[in-house]
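Enquirer: In this note's numbering, the protein residues as written are 330 to 641.
Glycine included, each C-beta is placed from N, C-alpha and C at the ideal position.
These numbers come from a predicted model, not from an experiment.
The structure under discussion is supplied below as structure tokens; questions concerning it will follow.
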């Protein structure tokens, strides 16, 4: 898959089937849009182009830290590539793009920029300054240009329409079963192991520290997890939060990996979340914190013993 950034690079030169969206999480609804775009591109001998924005419009207008991202850009790109798209076009969402009218967006971006011949969007797609463009406007514009506009219906679950907002709420509640169904995969945080404050080591529970993306994260608390290190999966206890007991002021992910003791600084790891154990607590002392971690480890071991028994 080719990644191009607009307007720094001229987007595409071949006729395209295009889908547009934020695609945060690349959930089941997003996957349906992308798969349909790829299918159309194959049937009509077009290239498949997935268009997203960076920063997301809500980040541009409200600030990068006002929304908890489900997938940082690299992970989003990897998921879209795995679906089989030919091109990922990243629009630089800036003042110029924010001020484009719906008609200007269609002409400059979709027609001249992307050579769109077939456009696939969700039923609630909005675009243009003040979100004045909708699917009815897009379909009408497409008819005038000889461009097919295909509007996909929503995909629902028991909570309603699957959306990034819904999944953030499920994750915040620790409902990993429902988030797994909405995402179409387990919720994973990945990244490189960074140096921390070595507090866990002093307590007898050394942790690996993974930097969270700057867009924040919907999780907060202590979790039973599995960690992929050097192609092997290990059980672990993960803390996502600010470490108030020791005056932390930055949200971070720290994982105590069971039955593992090796230097993995700089290594790429994946953390798969299974169950929320408790909320983050500010303890009166490090001794109380150590006792809580001991209980977290015991709960995690018990959870995975039961989990493995059920899945025999």
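1) Can you give me the C-alpha to C-alpha distance between residue 591 and residue 568, rounded to a whole angstrom?
2) Look at the alpha carbon of residue 546 and the alpha carbon of residue 383, and state the distance between them as a whole number of angstroms.
3) Which term fits residue 497, buried or exposed, when burial requires 16 or more other beta carbons within 10 angstroms of its beta carbon?
4) Bridge partners for residue 481 per DSSP, in chain order?
5) Would you call the region 419-433 and the region 446-460 touching, i.e. three or more CB-CB distances under 8 Å?
6) Output the distance between the C-alpha atoms of residue 404 and residue 354, rounded to the nearest integer angstrom.
7) If you compare alpha carbons, which of 541, 534, 553, 597 is closest to residue 561?
8) In chain order, what residues of the same chain lie with their CB nearer than 6 Å to the CB of residue 327, ignoring the 5 residues before and after it?
9) Contact defined as beta carbons within less than 8 Å: I believe residue 538 pairs with residue 609. What is the distance between those atoms, to the nearest angstrom?
10) Could you work out which residue in 511, 425, 617 is closest to residue 335 when comparing CA atoms only?
11) Give the straight-line distance between the Cα atoms of residue 338 and residue 396, rounded to the nearest whole angstrom.
12) What does the Cβ neighbour count give for residue 617, buried or exposed, with the cut at 16 atoms within 10 Å?
13) Let me know the secondary structure DSSP gives residue 341 once reduced to three states.
14) Whose CA, out of 468, 463, 513, lies closest to the CA of residue 485?
15) Rounded to a whole number of angstroms, what is the C-alpha to C-alpha distance between residue 505 and residue 604?
16) If you compare alpha carbons, which of 385, 462, 343 is closest to residue 447?
17) So, are the CB atoms of residue 563 and residue 622 less than 8 Å apart?
18) Do you know whose CA, among 423, 607, 436, lies nearest residue 390's CA?
19) Tell me residue 436's beta-bridge partners as DSSP assigns them.
20) Alpha carbon to alpha carbon, how far is residue 436 from residue 378?
21) Regarding residue 597 and the ligand SAH, is the C-beta to nearest heavy atom distance less than 7 Å?
22) Just list the alpha helix (DSSP H) runs in the region 350-399, keeping only unbroken ones of 4 residues or longer that don't cross its boundaries, in chain order.
23) Name the residue from 415, 581, 345 whose alpha carbon lies nearest to the alpha carbon of residue 476.
24) Curious, which full-length alpha helix (DSSP H) runs of at least 4 residues does the region 399-430 contain?
25) Need the endpoints of the beta strand (DSSP E) that residue 619 sits in, please.
26) Looking only at C-alpha atoms, which of 580, 550, 519, 535 sits nearest to residue 558?
Expert: Inspection of the coordinates gives the following:
1) 20 Å
2) 17 Å
3) buried
4) 451
5) Between the region 419-433 and the region 446-460 there are three or more inter-stretch CB-CB distances shorter than 8 Å, so the stretches are counted as touching.
6) 9 Å
7) 597
8) With the chain running from 330 to 641 in the structure shown, residue 327 is simply not present.
9) Not quite, the Cβ-Cβ distance comes to about 16 Å (not below 8 Å), so this is no contact.
10) 425
11) 28 Å
12) exposed
13) coil
14) 513
15) Approximately 7 Å between the Cα atoms of the pair.
16) The shortest Cα separation from residue 447 among 385, 462, 343 belongs to 343.
17) no
18) Among 423, 607, 436, the Cα nearest to that of residue 390 belongs to 423.
19) Paired residue(s): none; residue 436 is not in a bridge.
20) 17 Å
21) Absence of the ligand SAH is noted for the structure shown, with no ligands found whatsoever.
22) 357-372, 386-391
23) The option with the nearest alpha carbon to residue 476 is 345.
24) 402-412, 424-427
25) Taken as a continuous stretch (DSSP letters only), residue 619 belongs to no beta strand (DSSP E), being part of the alpha helix (DSSP H) at 615-639.
26) 519
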